[in-house]
Amino acid sequence: EPEVTQTPSHQVTQMGQEVILRCVPISNHLYFYWYRQILGQKVEFLVSFYNNEISEKSEIFDDQFSVERPDGSNFTLKIRSTKLEDSAMYFCASRARTGLNTEAFFGQGTRLTVV
Amino acid sequence: SQKIEQNSEALNIQEGKTATLTCNYTNYSPAYLQWYRQDPGRGPVFLLLIRENEKEKRKERLKVTFDTTLKQSLFHITASQPADSATYLCALDMWGTGNQFYFGTGTSLTVIP
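Note that the protein sequences, when read in sequence, are chains A and B.
Per the numbering used here, the first sequence starts with residue 743, numbered consecutively.
Per the numbering used here, the second sequence starts with residue 1483, numbered consecutively.
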């Protein structure tokens, strides 16, 4: 069964450092997403990506965040200068060609801890 | 402001009973509404999707209703089992180029043997 894979599963970083979270979406999917979930809180939308550009982004997704799909398979989330409040579980998701009418597949997440 | 609220943070029911979870939203006009299951430390897993012009959708022991007038969806699990214990999330699926979707606050369900 196809799956979305995320690496690393856990990342610890010093405040102010840059981190890159990596995702390999399901092959042939065209819509890609990043969500985050602070411990004990709801799953929050960060950004959607389609046709090699950002489609929508939330207020959380400020200038410290960026996304890339560098090689047609990986989909990365970069946080330039991490803050303590960036500590959360980050989930990548992808959707198939037909977009609206299909389910989204989520990865198992990367737990980011900023110290 | 926009809100997606799910009923009571935690719901405990006896095995075999029907669990009913609620999702209410304000200031959104979703095209679809999805329900996901999330287990601790894991990503959400898709369960069902219902369109705005559908009143009801079923899949095995699951049933979802969608009332765009009330701005509410109900999610039912019949003949509940301990293995159904998890957090259940509703998500509003929006029109737009990004086809992004927004999650509710989640309901933690515990099925007691």
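The beta-carbon is built from N, C-alpha and C at its ideal position, and this holds for glycine as well.
Beta-carbon neighbours of glycine 1525 of chain B, restricted to chain A and to distances below 7 Å: Phe833, Phe848, Gly849, Gln850 and Gly851
query: DSSP state of aspartate 1575 of chain B, grouped into three classes?
result: strand
message: I want to verify the contact list: residues of chain B whose CB lies under 8 Å from the CB of phenylalanine 787 of chain A, in sequence order.
response: Gln1582, Phe1583, Tyr1584 and Phe1585
- request: Report yes if the CB atom of leucine 1571 of chain B is closer than 8 Å to the CB atom of phenylalanine 1583 of chain B, and no otherwise.
  value: no
query: Using a Cβ-Cβ cut-off of 7 Å (strictly less than) and excluding sequence neighbours within five positions of phenylalanine 832 of chain A, which residues of its own chain qualify?
result: Checking the sequence shown, residue 832 of chain A turns out to be tyrosine, not phenylalanine. So the list reads Leu763, Trp776, Arg778, Leu819, Gly851, Thr852 and Leu854, once near-sequence residues are dropped.
task: For the beta strand (DSSP E) holding methionine 757 of chain A, just list the boundary residues, first then last.
output: Careful: methionine 757 of chain A lies outside any beta strand (DSSP E) and carries neither H nor E.
- prompt: If the cut is a Cβ gap below 9 Å, which residues of chain A does glycine 1571 of chain B touch?
  reply: As written in the sequence, residue 1571 of chain B is leucine, which differs from the glycine given in the question. Listed by position along chain A, the residues whose Cβ is nearer than 9 Å to that of leucine 1571 of chain B are Lys784 and Val785.
message: Measuring CB atoms only, is the segment 1552 to 1571 of chain B touching the segment 1512 to 1522 of chain B, in the sense that at least three cross pairs come out at less than 8 Å?
response: The segment 1552 to 1571 of chain B makes contact with the segment 1512 to 1522 of chain B, as at least three CB pairs between them are under 8 Å.
field: Three-state class that DSSP yields for alanine 838 of chain A in the structure shown
entry: coil
- request: Check the DSSP bridge columns for tyrosine 1507 of chain B and list the partner residues they point to.
  value: In the DSSP assignment, tyrosine 1507 of chain B is bridged to B:Ile1486.
- prompt: Straight-line CA distance for asparagine 1494 of chain B to tryptophan 1517 of chain B?
  reply: 19 Å
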